[in-house]
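The sequence shown maps to residues 13 to 257 in this note's numbering.
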Amino acid sequence: GAILLAALQTLPEATSGLAVAHSLALVLYGLRLCSFLAYREIFIPKFREFREKIEKKAVERGGRLKRLPFILSCSALYGCMAAPLLLTAQAGFSSTVMATISITMMYVGLLTAAWGDLVKTWVKGDKGPDHLVTSGPFALLRHPNYTGETLLWTANVITGLLGLLAAMADGGLTWARGGQFGASVLGLFGIGFVLAQAATGLERRQAEKYGQDAEYQAWVRRTWPGLTLPKKKEKEKEKDGDMDE
């Protein structure tokens, strides 16, 4: 929701068609993510039970107040992830080949992630939660939702960099804009680590669950897992962490 609000606030300030397209990409990202999470909460009991389990643990640990540092860190991350919008909304950011490519890659990443979530939800709803999904984007990507988001956020920062370069060309480089780009890079590293950690954890759980299955072994050989953490740096996910399978 935070990304959606940030993009909606920036949209009226966009001064070019590509700046509008940039903001709209994150508006669509926010709408898709919010609607998908709402669907899971309402229609998939497993995820509702998982959320209730987290709430119960929060109470047992002394209430939600103890999660305040985590909540604040998430807020800071979302702010950094939205920072590139400030760089492209400014006057001087115009249509260029590089900007067109980077924003197109944002939409490719957005559609890849959405397609992955849709196919996984549909197949598991039809064949059961324990079914290994290997169709659609999963025929090439083991975790298209994470890989798609990685592409989206990488292209988002590249687009912000192009906005910064446009400001420099117009003699409009300021400390504020430099700070906005610095925040953008921090946001990319932050969400990149989160996505890599999630993909690594899912790799581990799938190997434990399907490792002896010949179909799984063949699927692993022909697909790309996306960005994952090195095994020596892999951390166990928190007991109340992501449960995507």
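Virtual Cβ for every residue (Gly too), placed ideally from N, Cα, C.
Because the structure is a prediction, the values reported are computed rather than measured.
{"Check": "Which of the three DSSP states, helix, strand or coil, is assigned to Leu43?", "Outcome": "helix"}
{"Check": "Are Val131 and Leu163 closer than 8 Å when you measure CB to CB?", "Outcome": "no"}
{"Check": "Just list the beta strand (DSSP E) runs in the region 141-221, keeping only unbroken ones of 3 residues or longer that don't cross its boundaries, in chain order.", "Outcome": "none"}
{"Check": "Report all residues from its chain with a CB closer than 7 Å to the CB of Thr240; omit the five preceding and five following residues, and keep chain order.", "Outcome": "Ala208, Ala211, Thr212 and Glu215"}
{"Check": "Strictly by DSSP, which residues pair up with Trp236?", "Outcome": "Leu153"}
{"Check": "Between Phe150 and Pro156, which are expected to be in contact by the criterion C-beta below 8 Å, what is the C-beta distance as a whole number of angstroms?", "Outcome": "6 Å"}
{"Check": "Rounded to whole angstroms, what is the Cα-Cα separation between Ala178 and Gly104?", "Outcome": "6 Å"}
{"Check": "Residues in the same chain with beta-carbon distance under 6 Å from Thr146, minus the five sequence neighbours each way, listed in chain order, please.", "Outcome": "Trp231"}
{"Check": "Is the region 102-118 touching the region 158-173 in the sense that three or more CB pairs, one from each, lie closer than 8 Å?", "Outcome": "yes"}
{"Check": "Candidates Arg154, Ser35 and Met93: which alpha carbon is nearest Trp127's?", "Outcome": "Arg154"}
{"Check": "Using alpha carbons as the reference points, say which of Arg234, Leu98, Cys46 and Glu161 lies closest to Phe201.", "Outcome": "Glu161"}
{"Check": "Between which residues of its own chain and Ala195 is the CB-CB distance below 6 Å, once the five residues before and five after are set aside?", "Outcome": "Cys92 and Ala95"}
{"Check": "What is the DSSP secondary structure of Gly104, counted as helix, strand or coil?", "Outcome": "coil"}
{"Check": "Going by DSSP in three states, Pro96 sits in which element: helix, strand or coil?", "Outcome": "helix"}
{"Check": "Taking the C-alpha atoms as reference points, what is the distance between Phe55 and Val197?", "Outcome": "36 Å"}
{"Check": "Counting along the chain, where does the alpha helix (DSSP H) carrying Leu130 start and finish?", "Outcome": "Val109 to Lys139"}
{"Check": "Gly238: buried (16+ other C-beta within 10 angstroms of its C-beta) or exposed?", "Outcome": "buried"}
{"Check": "Give the secondary structure of Ile54 by DSSP, where H, G and I count as helix, E and B as strand, and everything else as coil.", "Outcome": "helix"}
{"Check": "Just to confirm before moving on: does the CB-CB distance between Glu67 and Phe59 stay below 8 Å?", "Outcome": "no"}
{"Check": "State the DSSP-derived secondary structure class of Lys247, mapped to helix, strand or coil.", "Outcome": "With a pLDDT of only 49 at Lys247, under 50, the local geometry of the prediction cannot be trusted, and no value is derived from it."}
{"Check": "What's the gap between the Cα of Leu40 and the Cα of Lys69?", "Outcome": "33 Å"}
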